[in-house]
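65 is the number of the first residue of the sequence shown in the working numbering; add one for each residue after it. Below is one structure, written out as structure tokens; comments come after it.
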Amino acid sequence: MRSWPTVAIPPVDPKFSLPKLTLKDTLSGTKKALPTKNLYRMYVCGITPYDATHLGHAATYLTFDLINRYLRATGAEVRYVQNITDIDDPLLERATRDGINWEDLAHSQIELFRGDMVNLHVLPPESYIGAVEAIPLVTEAIEVLQAKNTVYPVESDLYFSVRSDSEFGTRSHYSQVEMSEIFSERGGDPDRVGKKDVLDCLVWLAARPGEPSWPSPFGAGRPGWHIECSAIALAYLKPDPEEDFAIDIQGGGSDLIFPHHEMGASQVAIMTGKPYARTYVHAGMVGLDGEKMSKSKGNLIFVSNLIVTGVEPMAIRLALLSAAYGKDRMWTDAVLEEAKARLHRLQSALSRNEVAPTQECVALIIASLADNLDTVRAIKAIDAWIEQTESGLTGGSSGELSRAIDTFLGIAI
Ligand code: ZN
């Protein structure tokens with residue numbers, strides 16, 4: 065799948081030192097510093113292309129964009145892979161509901177998503193991989209699981225046995241009852257007759273009448289969602305046999321903690337014999353005016369719609385960065401208006417001939433981001449600098465600060 069055009073990142077002046085990046089790890093529940101490395105492997109779960117790109121999606125991809133930017137600023141390479149679930153039940157259901165071809169729906173939403181990512185200044189993944197193009201990889205992954213006796217048939221479908229991983233359930237910290245409930249809410253089928261464990265997940269769905277299918281060693285069908293990501297991550301991130309973990313960062317929205325990331329971690333642990341991710345990072349959900357934002361409520365706000373009405377993409381980006389990434393937050397008109405006002409004050413301050421000292425502000429931005437992507441503190445530092453500049457302080461370099469804001473926060477002035 066074609067990724068989107070790359071975004072230039074200004075280099076960091078060597079006078080600024082970059083501390084190790086610390087991130088909140090869902091598995092341990094603590095903040096962990098990433099080791100200093102030359103190459104990081106990061107996998108972020110992509111969209112199912114039927115409702116791109118709402119603000120929740122955008123907040124998630126901005127979170128991992130900050131990680132990508134910071135690690136690159138240290139001089140490291142970031143091998144970043146993102147999938148796109150371009151075949152799955154929700155996509156087919158939406159296409160049927162709207163009376164359109166599922167492929168046309170997917171293509172149109174993928175185009176919108178690419179455009180939104182470009183507008184929001186998100187660095188593209190090195191590999192952007194669709195589920196359909198990954199079917200050969202998925203069937204290979206299922207064969208690896210089969211060879212380890214962790215896959216079994218229910219009628220013509222294939223299921224992964226979650227109990228074959230002794231660590232199953234330990235990463236997401238839910239009780240058995242909670243896991244069953246969430247599994248059911250998020251596409252699982254706990255009541256299917258013939259499963260060994262209610263939480264066992266589908267890895268291959270045999271062809272159904274009227275639905276698309278592809279040939280495989282297990283008969284015609286299509287891949288399950290979790291195995292799609294496990295297969296793509298391993299094939300494109302190419303884990304280093306010398307490392308203790310298959311990859312460095314597994315990311316996505318907090319609604320993927322269970323079952324999606326738990327299943328993926330179990331599958332990869334069985335396939336590779338080592339823990340999946342060094343760090344599991346999850347972005348919080350974005351609500352609207354006090355309510356959960358969801359397709360069922362019909363209150364999703366789309367990035368492309370905001371841009372069409374004339375909202376500057378950098379204001380949207382700044383608005384989404386104005387709250388802690390890991391917590392659930394609310395989107396309101398006030399949040400957007402505050403971001404617009406901040407952006408314009410910043411543009412105006414940076415365009416002055418004389419500006420307040422900038423070195424300390426840049427150092428604060430770097431230190432804040434290194435501390436679990438604390439964008440709230442970084443923006444406070446920028447606000448303080450704007451006030452100093454407006455009050456007439458001089459001695460800084462507007463170029464130095466605007467470059468740092470671009471490099472680390474992705475806000476291009
Ligand atoms: Zn995924």
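Note that beta-carbon positions come from the ideal geometry of N, C-alpha and C, so glycine has one too.
Straight-line measurement puts the Cα of H171 at about 11 angstroms from the Cα of R178.
The three-state secondary structure of E207, taken from DSSP, is helix.
7 angstroms or more divides the Cβ of G93 from the Cβ of M357. P113 and D150 have their C-alpha atoms roughly 6 angstroms apart. When the five nearest sequence neighbours on each side are left out, the beta carbons in the same chain lying within less than 7 angstroms of the beta carbon of L201 are those of A295, I296, A299, in order along the chain. A Cβ-Cβ contact shorter than 7 angstroms links Y104 with V142. Measuring C-alpha to C-alpha distances from A445 to each of S461, Q423, E355 identifies Q423 as the nearest.
DSSP places F224 in the uninterrupted beta strand (DSSP E) bounded by 221-224. Not one heavy atom of ligand 1 lies closer than 6 angstroms to the C-beta of C265. Collapsing the DSSP output to three states places N363 in coil. By alpha-carbon distance to L407, the top candidate from S461, L437, A476 is A476. In this chain, the alpha helix (DSSP H) harbouring P377 covers 377-385. Contact between V419 and T453 holds: their C-beta atoms lie close to 5 angstroms from each other, under 8 angstroms. Every residue whose Cβ sits closer than 5 angstroms to any heavy atom of ligand 1 is listed here in chain order: C109, C293. The DSSP assignment places complete beta strand (DSSP E) segments of no fewer than 3 residues inside the region 296-345 at 311-317, in order along the chain.
7 angstroms or more divides the Cβ of K101 from the Cβ of A137. In the three-state scheme derived from DSSP, where H, G and I count as helix and E and B as strand, R158 is classed as helix. Rounded to the nearest whole angstrom, the C-alpha separation of Y223 and E292 is 13 angstroms. For A123, the closest C-alpha among the options P377, S462, G285 is that of P377. Around the CB of K259, 16 or more other CB atoms lie within 10 Å, so the residue is classed as buried. Nearest to D180 by C-alpha distance, out of N213, A341, I365, is I365. Of the candidates R272, P273, G251, G251 places its Cα closest to the Cα of D264. Counted as a single uninterrupted DSSP element, the alpha helix (DSSP H) harbouring I443 occupies residues 439-454. Nearest neighbour of V267 by Cα position, chosen from Y344, D152, R393, turns out to be D152.
For E424, the uninterrupted alpha helix (DSSP H) segment begins and ends at 423-434. With a cut-off of 8 angstroms on Cβ pairs, the region 266-286 is not in contact with the region 230-249, counting fewer than three such pairs. A residue is called buried once 16 or more other Cβ atoms fall within 10 Å of its Cβ, and G348 is buried on that count. With contacts defined as CB atoms closer than 7 angstroms, T86 and H346 fail to qualify as a contacting pair. The secondary-structure analysis by DSSP pairs T396 with nothing; it has no beta-bridge partner.
Boundaries cannot be given for G354, as no beta strand (DSSP E) includes it and DSSP labels it neither H nor E. Across the structure, I164 and A198 are spaced so that their CA atoms are roughly 24 angstroms apart.
When C-beta atoms of the region 436-445 are compared with those of the region 381-391, three or more pairs fall below 8 angstroms, so the two segments count as touching. Beta bridge pairing from DSSP links L103 with E141.
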